[in-house]
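For what it's worth, the numbering used here labels the leading residue of the sequence shown as 478, then goes sequentially. Notes follow the structure.
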Amino acid sequence: MTKRVFSGAQPSGNMHLGNYLGAFRNWVKLQDDFECIYCVVDMHAITVWQDPADLRAQVREAAAAYIAAGVDPNKSILFNQSRVAGHAELAWIFNCVARIGWLNRMTQFKDKAGKNREKASAGLYVYPNLMAADILLYKATHVPVGEDQKQHLELTRDIAQKFNNDYGIELFPVVEPIIQGEGTRVMSLRDGTNKMSKSDPSEYSRINLNDDADTIAQKIRKAKTDAELLPAKADLLEGRPEAQNLVSIYAALTDMSRDAVCAEYEGKGFGDFKKALTDVAVTRLAPITEEMARLQKDEAYIDSVLRAGAERAHAIAEPILNEVKDAIGFMR
Ligand code: TYM
């Protein structure tokens with residue numbers, strides 16, 4: 478089977494450092510060894526309310542972020558999900574394959590729906606089936622994501638296996654997650670026990686990919702820490718979630734191990750460390766921010782990339798979806 482990568486991010490707000498370190502930069506690395514498909518998952522975004530004009534702008538912003546981070550539209554396929562109808566078609570089929578008990582175990586639904594479960598959209602509940610459809614519509618074999626998507630990928634494997642079993646056909650591959658590097662779980666700058674996320678109401682909890690250097694410096698300066706010094710080894714950061722998070726971010730941005738970062742800053746306080754972290758964050762992110770801003774001014778270019786990407790994606794998806802329909806007994 479062709480080795481194929483699929484991944485995506487929701488255009489539901491600002492792209493942030495967690496998206497970059499947990500996902501985008503790994504996407505970029507895979508482009509030379511795999512056929513890669515990177516999707517702006519606008520259908521996932523509407524599981525919670527999105528203003529139509531904002532959604533369009535956010536889809537373009539997400540595409541600009543992918544390209545600015547290094548996704549090359551000439552090498553990889555880059556498109557927005559709603560343009561390829563196969564995602565919705567296969568998701569329906571998977572709604573009929575996945576069991577309610579499986580969905581009830583999804584921790585992200587519980588987190589996102591919160592106490593207001595009865596008022597959550599039905600789409601939010603079946604969201605993991607759509608995600609499985611995204612991946613399996615292309616028979617993708619590898620999926621680079623952050624730690625928080627691991628459970629959804631296990632469900633994708635279960636769906637693929639159950640479909641193959643039920644219909645007695647080896648149609649879908651069992652996908653391999655790629656969860657790599659020191660940035661697979663970047664935490665909030667305000668609370669080291671919470672994930673950095675687009676939906677956190679505090680702007681100071683995250684570094685956005687469109688933040689300028691001063692904003693990045695200010696957010697890092699205000700980041701929560703403790704009064705202790707940096708230890709010689711990363712193990713000794715145990716029980717200090719905020720310190721652990723800043724060291725991990727530094728390690729991820731510089732491609733160092735957390736131990737090497739500790740060895741370099743051993744005995745220093747967070748005043749010094751935050752200055753160093755600001756320098757590496759600005760050096761690494763400023764070119765991305767600039768390129769994103771440039772691309773966002775060129776809507777015609779972004780739109781043409783997304784349109785062409787959707788055509789290429791559709792061409793791969795169509796014969797696979799036909800195989801699925803034949804296996805099920807749908808007439809076409
Ligand atoms: P989303 O939009 O929440 O995030 C996009 C990617 O960024 C990663 N990520 C993080 N990594 C490290 N630390 C963080 N704080 C952090 N926050 C986000 C996510 O793990 C993800 O890789 N359901 C997915 C989108 C999706 C998808 C797919 C992904 C839809 N279909 C098919 C892969 C394959 C999501 O909501 O990601």
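Quick reminder that beta carbons are idealized off the backbone N, C-alpha and C, glycines included.
Going by the C-beta, is residue 606 closer than 7 Å to any heavy atom of ligand 1? As a first step, residue 606 is located in the sequence shown; it is residue number 129 there, counting from the start. No, the Cβ of residue 606 stays beyond 7 Å of every heavy atom of ligand 1.
Going by DSSP in three states, residue 706 sits in which element: helix, strand or coil? For the purposes of this step, residue 706 is taken as residue 229 along the sequence shown, with counting starting at 1. Three-state DSSP puts residue 706 in coil, outside helix and strand.
Segments assigned alpha helix (DSSP H), at least 4 residues, entirely inside the region 683 to 767: 690 to 699, 718 to 731, 735 to 742
Below 8 Å, how does it come out for the region 616 to 629 and the region 480 to 492: are there three or more Cβ pairs, yes or no? yes
Closest by C-alpha distance to residue 772, when choosing among 480, 599, 536, 490: Within the sequence shown, numbered from 1, the residue matching residue 772 stands at position 295. It is 536 whose Cα lies nearest to the Cα of residue 772.
Residue 672 CB to nearest heavy atom of ligand 1 below 7 Å: Position 195 of the sequence shown, counted from the first residue, corresponds to residue 672. True, at least one ligand heavy atom lies under 7 Å from that Cβ.
Residue 533: which of 547, 722, 800, 560 sits nearest, CA to CA? The count along the sequence shown starts at 1 and reaches residue 533 at position 56. Ranking 547, 722, 800, 560 by Cα distance to residue 533 puts 560 first.
Would the beta-carbon of residue 612 be found less than 7 Å away from any heavy atom of ligand 1? Counted from its first residue, the sequence shown places residue 612 at position 135. True, at least one ligand heavy atom lies under 7 Å from that Cβ.
Check whether residue 804 and residue 646 have beta carbons under 8 Å apart: For the purposes of this step, residue 804 is taken as the residue at position 327 of the sequence shown. For the purposes of this step, residue 646 is taken as the residue at position 169 of the sequence shown. It is a contact, given that the beta carbons lie within the stated cut-off.
Along the chain, where does the beta strand (DSSP E) that runs through residue 679 open and close? In the sequence shown, counting from the first residue as 1, residue 679 sits at position 202. Unbroken run through residue 679: none, as it is neither H nor E.
Based on Cα-Cα distance, which residue from 734, 512, 527, 544 lies nearest to residue 780? Taking the sequence shown and counting its residues from 1, one reaches residue 780 at position 303. Comparing Cα positions, the closest option is 544.
Taking the runs of the beta strand (DSSP E) that are 3 residues or longer, which of them lie wholly in the region 542 to 601? 554 to 557
Using the rule of at least 16 other Cβ atoms within 10 Å of the residue's Cβ for burial, across every protein chain shown, is residue 767 buried or exposed? Residue 767 sits at position 290 when you count from the first residue of the sequence shown. The residue in question, residue 767, is exposed, as its Cβ has fewer than 16 Cβ neighbours within 10 Å.
Range of the contiguous beta strand (DSSP E) that encloses residue 655: In the sequence shown, counting from the first residue as 1, residue 655 sits at position 178. Element bounds for residue 655: 653 to 655.
If you count every other CB in all the chains shown that lies within 10 Å of the CB of residue 683, and 16 or more means buried, which is it? Walking along the sequence shown from the start, residue 683 turns up at place 206. Residue 683 should be labelled buried.
Does the distance from the C-beta atom of residue 558 to that of residue 513 stay below 8 Å? For the purposes of this step, residue 558 is taken as the residue at position 81 of the sequence shown. For the purposes of this step, residue 513 is taken as the residue at position 36 of the sequence shown. Result no, Cβ atoms of residue 558 and residue 513 do not sit closer than 8 Å.
Can you name the residues that DSSP bridges to residue 486? If you number the sequence shown from 1, residue 486 lands on position 9. Answer is 517, bridged to residue 486.
Pull the bridge partners of residue 621 from the DSSP assignment, please. Translated into the one-based positions of the sequence shown, residue 621 becomes position 144. 655, per the DSSP bridge assignment.
Checking 8 Å against the spacing of the C-beta atoms, do residue 669 and residue 729 come in under that value? By one-based count along the sequence shown, residue 669 stands at place 192. By one-based count along the sequence shown, residue 729 stands at place 252. Contact: no.
Opposing strand residues paired with residue 538 [DSSP bridges]: Residue numbering aside, residue 538 sits at position 61 when the sequence shown is read from its first letter. Looking at the DSSP assignment, residue 538 forms no beta bridge with any residue, so it has no partner.
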